[in-house]
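Each remark here refers to the structure printed beneath this line.
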Ligand code: GDP
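Residue numbers (the UniProt record's numbering): 1 to 300.
Okay, structure coming up:
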C-alpha cells in the first residue's frame with residue numbers, strides 16, 4: 001500500500017489484483033517519452049510482464065504500477081522524498097532548470113504542418129472548455145495575458161505556440177466539449193486536434209487537464225483513452241483543487257479518486273498525475289519540475 005500525500009489531500013491507492021485488469025478489454029500502455037529506445041525496452045513494466053529471473057518485492061511491483069518512474073531511477077533506490085507532493089511523479093536525474101524566465105507568443109496554426117519547424121520540444125495543454133486551461137498557463141508563466149491570445153475570436157480553434165526561455169514550447173490547444181458548439185464544429189475539433197497529436201514529432205507530452213471540482217466526465221475519459229490508444233504520452237493535471245467545498249456534489253478529492261479508479265481500470269500503468277490550483281499556486285513548481293525532466297530526457 002502506498003500513500004501519497006499532498007497538503008490537503010491523501011490519495012490512498014489500493015493495490016490491484018490481476019483479475020482487475022483481466023476483466024477489461026482496454027489495456028493501454030502509456031508511452032512516457034517519445035523515444036524509440038524506451039519504447040522497445042520500456043522502463044516501467046507491469047507485474048505480469050516482469051522477467052521471472054528478477055526478484056522483486058510486492059511493494060516494488062505496486063510502485064511500478066502506480067508511480068511514474070522516470071528514466072535514470074531504479075526502483076530499489078526509491079525513497080518517499082523523490083515523489084513530488086500531490087502527485088504520483090518520481091523526480092529523477094533529468095529534472096533541472098524549470099522556472100520560466102521568458103515567454104513569447106510565436107504563432108497560431110490551423111494544421112500540424114503549419115506549426116513551427118525548428119524542432120524544439122513542446123508540451124501541449126489540453127482540456128475541456130472551462131477546465132482552467134488559460135488560468136493554468138498564466139499561472140505557469142506568471143503572466144496575466146499569455147493565454148488570452150487563444151481566447152480571441154477566431155483563435156480558439158487554432159494551435160497556439162508560445163516559446164519559453166527560447167528553448168521549448170508550451171502549446172495551447174483548442175478546448176473540447178464546448179456546450180454551445182454545434183456537432184459539426186465538435187467533429188472539426190476532433191479531426192484537427194487528432195491530426196496534431198498523430199503528426200507532431202516534437203511533442204514531448206500532453207498535459208490533459210481534468211477539473212477536480214466535478215465528477216469524472218465521459219468526454220475527458222474518452223480523450224484520455226484515445227491518447228492512450230495512440231501512444232501519446234500524457235500527464236493528468238487536476239485543476240481547481242482549491243475548491244474544497246463544492247457548491248453541490250462531491251469534493252475534489254472524491255472526484256479525483258473516482259477518476260483515478262476508472263483510469264486504473266483502463267490503463268496498464270497509471271500515467272503521471274498532479275494536483276494543481278491556479279488560485280493558490282498549488283502544484284505549480286512541481287508541475288514545472290516534472291515538465292523539465294520530460295523535456296530534458298527528450299532533448300538529450
Ligand atoms: P479555460 O476555458 O479552460 O481556459 O478556463 P479558464 O482558465 O478561463 O477558467 C474557467 C473558470 O474557472 C474561470 O471562472 C476561472 O476563474 C476558474 N478557475 C480556473 N482555475 C481555477 C482554480 O485553480 N481554482 C478555482 N477555484 N477556479 C479556477
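Note that the Cβ used here is the ideal one computed from N, Cα and C, for glycine as well.
Keep in mind the model is a prediction, meaning the values are calculated, not measured.
- Within the model, the alpha-carbon separation for residue 225 versus residue 278 is close to 26 Å.
- Taking all protein chains shown into account, residue 79 has fewer than 16 neighbouring C-beta atoms within 10 Å of its C-beta and is therefore exposed.
- The beta carbon of residue 250 sits no closer than 7 Å to any heavy atom of the ligand GDP.
- DSSP, read as helix, strand or coil, puts residue 231 in coil.
- Distances taken from the Cβ of residue 292 to the heavy atoms of the ligand GDP include none shorter than 7 Å.
- By the neighbour-count criterion, in which 16 or more other beta carbons inside 10 Å mark a residue as buried, residue 213 falls on the buried side.
- In the displayed model, residue 112 falls within a helix according to three-state DSSP.
- Approximately 17 Å separates the beta-carbon atoms of residue 172 and residue 210; this is outside 8 Å, ruling out the contact.
- When secondary structure is reduced to three states using DSSP, residue 205 falls in the strand class.
- Chain-ordered, the residues whose CB falls short of 6 Å from any heavy atom of the ligand GDP come out as 127, 129, 130, 131, 132, 133, 134, 135, 175, 239, 240, 242, 243, 277, 278 and 279.
- In this structure, the CA atom of residue 131 is about 17 Å from the CA atom of residue 287.
- Shown here, residue 98 sits in coil according to DSSP, grouped into three states, outside any helix or strand.
- Residue 254 is bridged by DSSP to nothing; it lacks a bridge partner.
- Boundaries of the beta strand (DSSP E) harbouring residue 159: 159 to 164, taken from the DSSP string.
- Restricting attention to 272, 281, 280 and 282, the CA atom closest to the CA of residue 293 is found in 272.
- Non-local beta-carbon contacts of residue 230 in its own chain, meaning distances under 7 Å to residues more than five positions away in sequence, involve 197 and 198 in chain order.
- Taking C-beta separations shorter than 7 Å and ignoring five residues to either side along the sequence, the partners of residue 219 in its chain run 128, 176 and 177, following chain order.
- In the DSSP assignment, the residues bridged to residue 239 are 211.
- In this structure, DSSP gives residue 133 a helical state, which the three-state scheme calls helix.
- DSSP places residue 299 in the uninterrupted alpha helix (DSSP H) bounded by 284 to 299.
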